[in-house]
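Novice: My questions all concern the structure below.
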Amino acid sequence: MATEMNKTYNPAEIEDRLYRKWLEKGYFHAEVDRSRKPFTIVMPPPNITGQLHMGHALDNTLQDILIRFKRMQGYNALWQPGTDHASIATEVKVTAKLKEEGIDKEELGREGFLARTWEWKKEYGGRIVSQLMKMGSSADWDRERFTMDEGCSKAVEEVFIRLYEKGYIYRGSRIINWCPVCQTSISDAEVEYEDQAGHFWHINYPVAGTDRYIEIATTRPETMLGDTAVAVHPEDERYKDLVGRKLILPLVGREIPLVEDSYVDKEFGTGAVKITPAHDPNDFEVGKRHNLPEINIMNDDGTINENGGKYAGMDRYEARKAIVRDLEEGGYLVRIEKHDHNVGTHDRCHTTVEPMVKQQWFVKMDELARPAIAAVKNGELRFVPEHFDRTYLHWLENIRDWCISRQLWWGHRIPAYYCQECGEITVAKEKPAACPKCGCHQMVQDEDTLDTWFSSALWPFSTLGWPEKTEDLEYFYPTDVLVTGYDIIFFWVIRMVFSGYEHTGKSPFRDVLIHGLVRDELGRKMSKSLGNGIDPLEVIEQYGADALRLTLVTGNAPGNDMRFSEKKILASRNFANKVWNASRFMLMNIEKADLSGVSLSNLTPADRWILSKANTLVKDVTENMENYDLGIAVAKLYDFIWEEFCDWYIEMVKPRLYNDEDATKAAALFTLKSVLITALKLLHPFMPFITEEIFCSMQDQEESIMISSWPEYDENYDFSREEKEVEIIKTAVRNIRNMRADMNVPPSRKATVYVVSDKEEIRRVFEHARVFFATLGYASEVLVQPDKAGIPEDAVSTVIPDAVIYIPFADLVDVEKEIARLEKEAKRLAGEIKRASGMLNNEKFISKAPAAKVEEEKEKLARYTAMAAQVEERLSQLRS
RNA sequence: GGAAGGUUAGCUCAGUGGGAGAGCACUCGCUUGACGUGCGAGGGGUCGCAGGUUCAAGCCCUGUACCUUCCACCA
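End of the first sequence = 890 in the numbering used here, gap-free, step of one.
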């Protein structure tokens, strides 16, 4: 097998094959099993209109890492997937497609349109799922759900009816956000504010029966058609004498009152505000307080309606121009001022939202919000990172009622029926045969559908069978962690939490792991309009899913945005190649080896060192992953594999492997293999494909790494003495390399290495390590001795703790250079001595710092002092 | 107006009160029997600024400057 492995790792030829294997084996599937502990993640359902983008890629990578980790740890891990019907997004898309075919939505009718949309869903709804599979996502696809499937729809009905009966859902005429393009109401969360350059139009409103005027200022002159008052502050002396009088609305001629309301800011503008209750949320409130009529001046498409008189039929912006022109001609326009302001737009289409008074369905939020607020305050629900609980709480504590009805066809139709005779409203699962009040048979269902988020709010439990008391629900719910972006806390997280408490009595998840946005190289949001998006599928094709996944978690802390760039992918790809080649090295060497006789007692200090390091790594990585510090976990893995394992251990082991006489060869192979397996297992959640491919190349292992067990810390593999010994060797090797580089000695030139130490202990360590120096330290031979006997006077030297290393280069030596080098060493040591003695001379340090810390500094001081003395001795020798 | 986050090497970013880190970039050297998608050796940081707490601060506290984002919306 090993000899068949390519020199470079080629993900394209293995990923699909392995994914198919996992699917066929059913590894992703979870069933209720009371003998095991469940671990559940519910996947944020991507829209059926969706195409995989970097946001999905990040979100799914994080979830897959956690679920694979827990699965290997022995949990019965369920990752519940599915898709969202995405009412507006889908309806817009299908309508556009019909239009291309020359079909008008209205002519097609509701039934026909829904049939077409289901067809569309069938055709494209699966696309995003197959794209998620390309990422290596180990979700339980057998359980795939859809927010409009039978079960989820039942849950929606159930919730609507329960909340209605409890009085938490009501129908009312209130001011809502209206999108004139999508022609539907939208919730507050769907309004996005944009800075726009605009104007302030100052207009004179004549006071009836006088020749006086009141000057008002507005950014939206067209709304004056719906003005039903002008308001001033009650304490505003300027207008005191006019309160109670009527004003004449210019162009319209309607008489409107001047009212007093403390909502008005005396200092702003002229201190007089036109009040348009039907088209401004604040004016709506003022209107309610003063019993003002609400005059709706607009049609659903944003044109002026019959209430607008001569302006009827004009688009709202056309009307604005016409009105300003007419005001000017009529002498009412005082002046025009430039004014930048924030304009609410629809987050889907960016059309400027029109506030309108409409009959809509709402969810009353104050009671529902209460347990959701308490959950975070009492720690039942935890955000990672923690500071997002501020965002969450702030929103919940200031929440307004949720407008849930949408004037769309694609979605869950509101289960309310109106009696055509008496107007009675009946909320029920089925259409009532007769009106319960008047008994007539003219019952008509509400035309509207529900906000998409109404159904996704139930996702964590509706997918597990709620409202039925299913085994799945009992066992897998509440879920363990929700993974999502901070941009979706308001839309989704909050609504799931209050829904969970209301309908199941529990928080739907314990932890919420929040991640940031994936931005482009320059830190800009990836967007279609900028054309700066990087397609994850293209990255996968070119570099592999593992490289993409690694890139998305490397160097990133929870909640932070990250910049994505080609360079980062290359670094990940290179790491994959490194892992591949380290494995190839092991496999090539192990082919004909017999490891049966190896036991702990056969292992050399180097073997024990790397096993001990790996053992510590297991503990650290596991801990980091439990804390959702995935970036830290993977950084430790990266460093361990690349530096400790490849650059040090593999290099140390080569002479043993290439010498058939070496009695420790089998021990080396055993160690190589077991450390590699441990590392691959720890790496598997991050890089599932490459680790599986390598793991399966070792025929004596389980059939898949993804069902193998997560490594556990084992105190029998804690070899701290050997760790210290190898650190000494590493220091020696580094110093030798340093010397050679400083003296410009080419690697091809081997030399004798003398190690002089008066400590038997240290000499023993070097005797054991002698074999490494040929490759690591370019040594032709290594002589370990208690004194300097036989070492040429002009040898180059370096001092390490408890030993001095000499290398005679004969003709190569340059005494000046050597003195300079040693002086550099002396300087460094002097610095260390100064630092340590500084601390130790501080009485407060001695008395207040922990004893171990003080002891540590004392040891350092002693060591560095001894080393400095050695360097000085060498220097004086050379100078003489 | 309110809130959160950021400010650490040329760039991108980690950092868990006790001698400043990684990747990329840069300089020098290397056909070392896994890997040049590699190996070895380097250069490069008053950790935004000012105070404070502490024996000890990049890390904790206060203030401040600048950047980013979210929420609110004075018409």
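Even for Gly, the Cβ is constructed at its ideal location relative to N, Cα and C.
(1) Could you work out which residue in 758, 508, 586 and 776 is closest to residue 930 when comparing CA atoms only?
(2) Let's see if you can read the secondary structure: which residues bound the alpha helix (DSSP H) around residue 881?
(3) Pair every Cβ in the stretch 124-136 with every Cβ in the stretch 529-547, then say whether three or more of these pairs are closer than 8 Å.
(4) According to the neighbour-count rule (16 or more other Cβ atoms, all chains shown, within 10 Å of its Cβ), is residue 668 buried or exposed?
(5) Mind reading off the beta-carbon distance from residue 256 to residue 266? Whole number of angstroms is fine, and I expect it under 8 Å.
(6) What's the call for residue 770, buried or exposed, on a 16-neighbour Cβ count within 10 Å?
(7) On the CB-based measure, 16 or more other CB atoms within 10 Å of its CB, does residue 704 come out buried or exposed?
(8) Per DSSP, what are the beta-bridge partners of residue 412 in this structure?
(9) Would you mind listing the alpha helix (DSSP H) stretches within the stretch 548-630 that are 4+ residues and don't spill past its ends, in chain order?
(10) Report the rounded CA-to-CA distance for residue 614 versus residue 555, giving the unit in angstroms.
(11) According to DSSP, which residues form a beta bridge with residue 459?
(12) Let's see if you can read the secondary structure: which residues bound the beta strand (DSSP E) around residue 790?
(13) According to DSSP, is residue 11 part of a helix, a strand, or is it coil?
(14) Which residues does DSSP list as the beta-bridge partners of residue 289?
(15) Which two residues bound the contiguous beta strand (DSSP E) that contains residue 806?
(16) When you compare only the Cα positions, how much space is there between residue 396 and residue 678?
(17) Using a Cβ distance threshold of 8 Å, determine whether the stretch 644-654 contacts the stretch 760-767, with at least three qualifying pairs required.
(18) Would you identify the three-state DSSP class for residue 46, choosing helix, strand or coil?
(19) Taking C-alpha atoms, which residue in 198, 838 and 349 lies nearest to residue 205?
(20) Taking residue 638 as the reference, give the member of 75, 16, 60 and 68 with the closest Cα.
(21) Among 849, 94, 352 and 744, which residue has its Cα nearest to the Cα of residue 465?
(22) Under 8 Å: do the stretch 237-244 and the stretch 189-206 share three or more Cβ pairs, one atom per stretch?
(23) Which one of 231, 860, 357 and 416 has the shortest CA to CA distance from residue 327?
(24) At what residues does the alpha helix (DSSP H) containing residue 741 begin and finish?
(25) Is residue 194 helix, strand or coil when you go by DSSP?
(26) Is the distance from the Cβ of residue 778 to the Cβ of residue 735 below 9 Å?
(27) First and last residue of the alpha helix (DSSP H) that includes residue 856?
(28) Taking the DSSP output, what are the residues bridged to residue 206?
(29) Between the alpha carbons of residue 12 and residue 785, how many angstroms are there, rounded?
(30) Compute the Euclidean distance between the alpha carbons of residue 339 and residue 216, then round it to the nearest angstrom.
(31) Check for me: the beta strand (DSSP E) holding residue 267 runs from which residue to which?
(32) Using only CA atoms, which one of 726, 693 and 723 lies nearest to residue 716?
(33) Using only the alpha-carbon positions, how far apart do residue 288 and residue 367 sit?
(34) When we look at the beta-carbon of residue 410 and count the other beta-carbons within 10 Å, is it buried (16 or more) or exposed?
(35) Note down the Cα distance separating residue 237 from residue 180, rounded to an integer number of angstroms.
(36) Can you grab the Cα-Cα spacing for the pair residue 83 / residue 775, in whole Å?
Specialist: Put simply:
(1) Residue 930 falls outside the range modelled here, since the chain spans only 11 to 890, and no answer is possible.
(2) Within the first sequence, numbered from 1, the residue matching residue 881 stands at position 871. Residue range 861-889 is occupied by the alpha helix (DSSP H) that includes residue 881.
(3) Contact between the stretch 124-136 and the stretch 529-547 is absent, because fewer than three Cβ pairs lie under 8 Å.
(4) What you label residue 668 is simply residue 658 of the first sequence in a count that begins at 1. Exposed, because fewer than 16 other Cβ atoms sit within 10 Å of the Cβ of residue 668.
(5) Position 246 of the first sequence, counting from 1, holds the residue named residue 256. Position 256 of the first sequence, counting from 1, holds the residue named residue 266. Yes, residue 256 and residue 266 are in contact; Cβ-Cβ is about 7 Å, under 8 Å.
(6) The count along the first sequence starts at 1 and reaches residue 770 at position 760. Exposed, because fewer than 16 other Cβ atoms sit within 10 Å of the Cβ of residue 770.
(7) The sequence position of residue 704 within the first sequence is 694, counting from 1. The residue in question, residue 704, is buried, as its Cβ has 16 or more Cβ neighbours within 10 Å.
(8) Stepping through the first sequence from its first residue, residue 412 is reached at position 402. Paired residues: 373.
(9) Taking only runs of at least 4 residues, the alpha helix (DSSP H) segments lying wholly in the stretch 548-630 are 555-563 and 576-600.
(10) Taking the first residue of the first sequence as 1, we reach residue 614 at position 604. Taking the first residue of the first sequence as 1, we reach residue 555 at position 545. Their backbone Cα atoms lie some 38 Å apart in a straight line.
(11) If you number the first sequence from 1, residue 459 lands on position 449. Under DSSP, residue 459 takes part in a beta bridge, and its partners are 416 and 423.
(12) Locating residue 790 in the first sequence gives position 780, where the first residue counts as 1. 789-795 is the span of the beta strand (DSSP E), which, as asked, contains residue 790.
(13) Walking along the first sequence from the start, residue 11 turns up at place 1. Because the pLDDT at residue 11 is just 47, under 50, the model does not fix this residue reliably, and the value given afterwards should be weighed accordingly. DSSP places residue 11 in coil when its eight states are reduced to three.
(14) For this step, residue 289 is matched to residue 279 along the first sequence. For residue 289, which the question treats as bridged, DSSP gives no partner whatsoever.
(15) Counted from its first residue, the first sequence places residue 806 at position 796. Counting along the chain, the unbroken beta strand (DSSP E) around residue 806 starts and ends at 806-810.
(16) On the first sequence, residue 396 is found 386 positions in, with the first residue counted as 1. On the first sequence, residue 678 is found 668 positions in, with the first residue counted as 1. For residue 396 and residue 678, the gap between their C-alpha atoms comes out near 46 Å.
(17) No contact exists between the stretch 644-654 and the stretch 760-767.
(18) Position 36 of the first sequence holds residue 46. Here residue 46 sits in coil by DSSP.
(19) Position 195 of the first sequence holds residue 205. Closest option to residue 205, judged by alpha-carbon separation, among 198, 838 and 349: 349.
(20) Counting from one through the first sequence, the residue named residue 638 turns up at place 628. Relative to the Cα of residue 638, the nearest Cα in the group 75, 16, 60 and 68 belongs to 75.
(21) By 1-based counting over the first sequence, the position of residue 465 is 455. Among 849, 94, 352 and 744, the Cα nearest to that of residue 465 belongs to 94.
(22) Verdict: no, contact absent.
(23) The residue you call residue 327 lines up with position 317 of the first sequence. Nearest option by C-alpha distance: 231.
(24) Here residue 741 corresponds to residue number 731 of the first sequence, with the count starting at 1. Annotation: the continuous alpha helix (DSSP H) that includes residue 741 extends over 730-752.
(25) In the first sequence, residue 194 corresponds to position 184, counting from 1. In this structure, residue 194 counts as strand in the three-state DSSP scheme.
(26) Here residue 778 refers to the residue found at position 768 of the first sequence. Here residue 735 refers to the residue found at position 725 of the first sequence. It is a contact, given that the beta carbons lie within the stated cut-off.
(27) Counted from its first residue, the first sequence places residue 856 at position 846. Counting along the chain, the alpha helix (DSSP H) containing residue 856 begins and ends at 853-858.
(28) Position 196 of the first sequence, counted from the first residue, corresponds to residue 206. Note: residue 206 sits in a beta bridge opposite 351.
(29) On the first sequence, position 2 is the one that residue 12 refers to. On the first sequence, position 775 is the one that residue 785 refers to. With a pLDDT of only 49 at residue 12, under the threshold of 50, the placement of this residue in the model should not be trusted, and no figure is reported.
(30) Taking the first residue of the first sequence as position 1, residue 339 is located at position 329. Taking the first residue of the first sequence as position 1, residue 216 is located at position 206. Taking the straight line joining both Cα atoms gives about 15 Å.
(31) Locating residue 267 in the first sequence gives position 257, where the first residue counts as 1. It spans 265-270 - the beta strand (DSSP E) in which residue 267 sits, taken as one unbroken run.
(32) Counted from its first residue, the first sequence places residue 716 at position 706. For the set 726, 693 and 723, the Cα lying nearest the Cα of residue 716 is the one of 693.
(33) Here residue 288 is taken as the residue at index 278 of the first sequence, counted from 1. Here residue 367 is taken as the residue at index 357 of the first sequence, counted from 1. If you draw a straight line from the Cα of residue 288 to the Cα of residue 367, it comes to about 5 Å.
(34) Walking along the first sequence from the start, residue 410 turns up at place 400. Residue 410 should be labelled exposed.
(35) Locating residue 237 in the first sequence gives position 227, where the first residue counts as 1. Locating residue 180 in the first sequence gives position 170, where the first residue counts as 1. If you take the alpha carbons of residue 237 and residue 180, they lie about 28 Å apart.
(36) Translated into the one-based positions of the first sequence, residue 83 becomes position 73. Translated into the one-based positions of the first sequence, residue 775 becomes position 765. For residue 83 and residue 775, the distance between alpha carbons rounds to 38 Å.
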